[in-house]
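K.L.:
One structure coming up, written as structure tokens, with questions to follow.
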Amino acid sequence: MTTNGPWSTHALDFRPDTVVKTFRAGAHDNHRREWAALTLLHRFAPDLAPRPLSRDSRPSCPVVVMSRLPGVALRGTSVRGERVDALAATLNTLYAAVPDEAVRELPVRSGRQDMMIARIDEWAGWRLDTTPPVARALAAGVDWLNRGGGRRALGRGPVPAVFGPGDGNLANYLEDYEGCPDGGARGTRARIRIVDFEESGRSDRAFELAEITEHVSSWVDTSLDVCRLLDRVDLAPAEAARVPDCRRLLALVWLFLLSMEDPDNPRNPPGTAERQAARLGELLG
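Under this note's numbering, the letters of the sequence shown match residues 357 to 641, in that order.
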């Protein structure tokens, strides 16, 4: 089966044991990041991601071939209780797996913090056609960033760098019991593995967690227990202190993106921008 879409940077061809990911012409950076991540994880955390099999770097259509993982995507499910614990266990393993020296050699992930702030600075000058609740939330978010200390808080102090997948879409997290010690018998915790690394790179735990909790997939058609997830992921005090501001930043980014959706070709249900405005309001306090 091949999947594609107007917003995608690639097409996926699902075969019995492999997946062929064909990138659009010009998506060379995505192709390089995908292959580098798969290679790195195969070395340091081989049970968390697909196995890299081959690649074709032709500029006209870069291709990565990888093993096909079993499992069901978390998106569209209730990610609570033991399912959250399994997700946190995967993230803890992922963030600790790649050695510091290897992380230092990675490019910074796509959509990094300074890039998101620069985009907000640009978008804030646009005249967007939004509903009043969305307009108020956008204004409050920009005010937090510029006058409420958000920009300063986001730049405060160093935190450890880790490998980050870069895309918080819960569709990229697959749950399965295959290979578990008792084959998925009652009481066995599922294993969760990760796919899609075309935006991956050097990041930090707080930003990567916020990437998941604030991604529209965590709430528009999924029920993610955010508090439990944040409680289960191993964070140093400085990392934990950084999480709320990363969440505010990415929630604001998402509100801008949802405000700019084409009404004739929406990606999300009606009212999603208004729901996101309320979410941002709660995060801003």
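C-beta atoms are modelled at their ideal positions from N, C-alpha and C, and glycine is treated no differently. Owing to the predicted nature of the structure, the values given are computational and were not obtained by experimental measurement.
What residues are listed by DSSP as bridge partners for F379?
P.N.:
To locate residue 379, count along the sequence shown from 1; it is residue 23. Beta-bridge pairing links F379 to H366.
K.L.:
Pair every Cβ in the segment 547 to 560 with every Cβ in the segment 610 to 627, then say whether three or more of these pairs are closer than 8 angstroms.
P.N.:
no
K.L.:
Measuring alpha carbon to alpha carbon, tell me which of D441, V589, D601 and G524 ends up nearest I548.
P.N.:
The sequence position of residue 548 within the sequence shown is 192, counting from 1. Comparing Cα positions, the closest option is D441.
K.L.:
Apart from the five residues just before and just after D412, which ones in its own chain have a Cβ nearer than 6 angstroms to its Cβ?
P.N.:
The residue you call residue 412 lines up with position 56 of the sequence shown. Result list for D412: V419, in chain order.
K.L.:
What did DSSP end up calling S416 once you bin it into helix, strand or coil?
P.N.:
By 1-based counting over the sequence shown, the position of residue 416 is 60. If DSSP states are grouped into helix, strand and coil, S416 belongs with coil.
K.L.:
R424 to T378, Cα distance in whole Å?
P.N.:
In the sequence shown, the residue the question calls residue 424 occupies position 68. In the sequence shown, the residue the question calls residue 378 occupies position 22. About 15 angstroms.
K.L.:
Would N624 pass as a contact of V572 if the rule is Cβ separation under 8 angstroms?
P.N.:
Mapped onto the sequence shown, residue 624 falls at position 268. Mapped onto the sequence shown, residue 572 falls at position 216. A contact, by the Cβ cut-off of 8 angstroms.
K.L.:
Distance check for A597 and G513, CA to CA, integer angstroms please.
P.N.:
Against the sequence shown, residue 513 aligns to sequence position 157. Against the sequence shown, residue 597 aligns to sequence position 241. G513 and A597: Cα-Cα distance of roughly 11 angstroms.
K.L.:
Would you call the CB atoms of A607 and E567 closer than 8 angstroms?
P.N.:
Residue 607 sits at position 251 when you count from the first residue of the sequence shown. Residue 567 sits at position 211 when you count from the first residue of the sequence shown. Cβ distance not < 8 angstroms, so A607 and E567 don't count as in contact.
K.L.:
Consult DSSP for T374 and reduce its assignment to one of helix, strand or coil.
P.N.:
Stepping through the sequence shown from its first residue, residue 374 is reached at position 18. T374 falls in the strand class under three-state DSSP.
K.L.:
In the DSSP output, which residue or residues are listed as bridge partners for V464?
P.N.:
Sequence index remark: in the sequence shown, residue 464 carries index 108 (1-based). Partner(s): R558.
K.L.:
Per DSSP, M472 is paired with what?
P.N.:
For the purposes of this step, residue 472 is taken as the residue at position 116 of the sequence shown. Per DSSP, none; premise fails for M472.
K.L.:
What first and last residue would you give for the beta strand (DSSP E) that runs through V518?
P.N.:
Translated into positions along the sequence shown, residue 518 becomes position 162. Taken as a continuous stretch (DSSP letters only), the beta strand (DSSP E) holding V518 covers A517 to G520.
K.L.:
Which first and last residues belong to the alpha helix (DSSP H) in which D532 is found?
P.N.:
On the sequence shown, residue 532 is found 176 positions in, with the first residue counted as 1. It is not in any alpha helix (DSSP H) - D532 instead sits in the beta strand (DSSP E) that spans Y529 to D532.
K.L.:
With a 10 Å radius around its C-beta and 16 neighbouring C-beta atoms as the bar for buried, classify R415 as buried or exposed.
P.N.:
Taking the first residue of the sequence shown as 1, we reach residue 415 at position 59. For the record, residue 415 in the displayed sequence is Pro; it is not Arg. It is exposed - the Cβ of P415 has fewer than 16 other Cβ atoms within 10 Å.
K.L.:
Go ahead and pull the three-state DSSP assignment for A541.
P.N.:
If you number the sequence shown from 1, residue 541 lands on position 185. Bear in mind that a pLDDT of 49 at A541, under 50, signals an unreliable position, so the number given afterwards is only what the model happens to contain. A541 falls in the coil class under three-state DSSP.
K.L.:
What residues in its chain sit with their C-beta under 7 angstroms from that of V464, if we drop five residues either side in the sequence?
P.N.:
Counting from 1 along the sequence shown, the entry for residue 464 is found at position 108. Closer than 7 angstroms at the Cβ level, and outside the excluded window around V464, lie G557 and R558.
K.L.:
Would the beta-carbon of H398 fall within 8 angstroms of that of R380?
P.N.:
Residue numbering aside, residue 398 sits at position 42 when the sequence shown is read from its first letter. Residue numbering aside, residue 380 sits at position 24 when the sequence shown is read from its first letter. Against a cut-off of 8 angstroms, the Cβ pair of R380 and H398 comes out as no contact.
K.L.:
Alpha carbon to alpha carbon, how far is R460 from R389?
P.N.:
Position 104 of the sequence shown, counted from the first residue, corresponds to residue 460. Position 33 of the sequence shown, counted from the first residue, corresponds to residue 389. Between R460 and R389, the C-alpha separation is close to 15 angstroms.
K.L.:
Less than 8 angstroms between the beta carbons of E630 and V490, yes or no?
P.N.:
Residue 630 sits at position 274 when you count from the first residue of the sequence shown. Residue 490 sits at position 134 when you count from the first residue of the sequence shown. Yes. Within cutoff.
K.L.:
Just to confirm before moving on: does the CB-CB distance between L443 and L585 stay below 8 angstroms?
P.N.:
Translated into positions along the sequence shown, residue 443 becomes position 87. Translated into positions along the sequence shown, residue 585 becomes position 229. Yes, the Cβ-Cβ distance between L443 and L585 is below 8 angstroms.
K.L.:
Taking the beta carbon of H387 as the centre, do at least 16 other beta carbons fall within 10 Å, making it buried, or is it exposed?
P.N.:
Position 31 of the sequence shown, counted from the start, is the residue given in the question as residue 387. So H387 ends up on the buried side.
K.L.:
Mapping DSSP to helix, strand and coil, what is P408?
P.N.:
As a first step, residue 408 is located in the sequence shown; it is residue number 52 there, counting from the start. Note: P408 maps to strand in three-state DSSP.
K.L.:
So G432 packs on T578, CB below 8 angstroms; how close in whole Å?
P.N.:
As a working mapping, residue 432 is identified with position 76 in the sequence shown. As a working mapping, residue 578 is identified with position 222 in the sequence shown. With a Cβ gap of about 6 angstroms, G432 and T578 count as contacting.
K.L.:
With a threshold of 7 angstroms, establish whether the CB of P593 neighbours any heavy atom of the ligand GDP.
P.N.:
Here there are no bound small molecules, and the ligand GDP is not part of this structure.
K.L.:
Closest to A383 by CA distance: which of A496, C417, G506 and G627 is it?
P.N.:
Position 27 of the sequence shown holds residue 383. Answer by Cα proximity: C417.
K.L.:
Evaluate A634 with the Cβ neighbour count: other Cβ atoms within 10 Å of its Cβ, from every protein chain shown; 16 or more gives buried, anything less gives exposed.
P.N.:
Here residue 634 refers to the residue found at position 278 of the sequence shown. Exposed is the call here.
K.L.:
Taking Cβ positions, are W479 and L640 nearer each other than 8 angstroms?
P.N.:
Start at 1 with the first residue of the sequence shown, and residue 479 comes out as number 123. Start at 1 with the first residue of the sequence shown, and residue 640 comes out as number 284. For the pair W479 and L640, the CB atoms are not nearer than the 8 angstroms cut-off.
K.L.:
If you draw a straight line from the alpha carbon of F400 to that of A393, how long is it in whole angstroms?
P.N.:
By 1-based counting over the sequence shown, the position of residue 400 is 44. By 1-based counting over the sequence shown, the position of residue 393 is 37. Cα to Cα, the separation comes out at about 10 angstroms.
K.L.:
Spatial neighbours of V376 within its chain, please: C-beta separation below 7 angstroms, excluding the five flanking residues on both sides.
P.N.:
Looking up residue 376 in the sequence shown gives position 20. Cβ neighbours of V376 beyond the five flanking positions: D369, V419 and V421.
K.L.:
Please tell me whether R503 and I473 are closer than 8 angstroms, where the distance is taken between their beta carbons.
P.N.:
Residue 503 sits at position 147 when you count from the first residue of the sequence shown. Residue 473 sits at position 117 when you count from the first residue of the sequence shown. No, the Cβ-Cβ distance between R503 and I473 is not below 8 angstroms.
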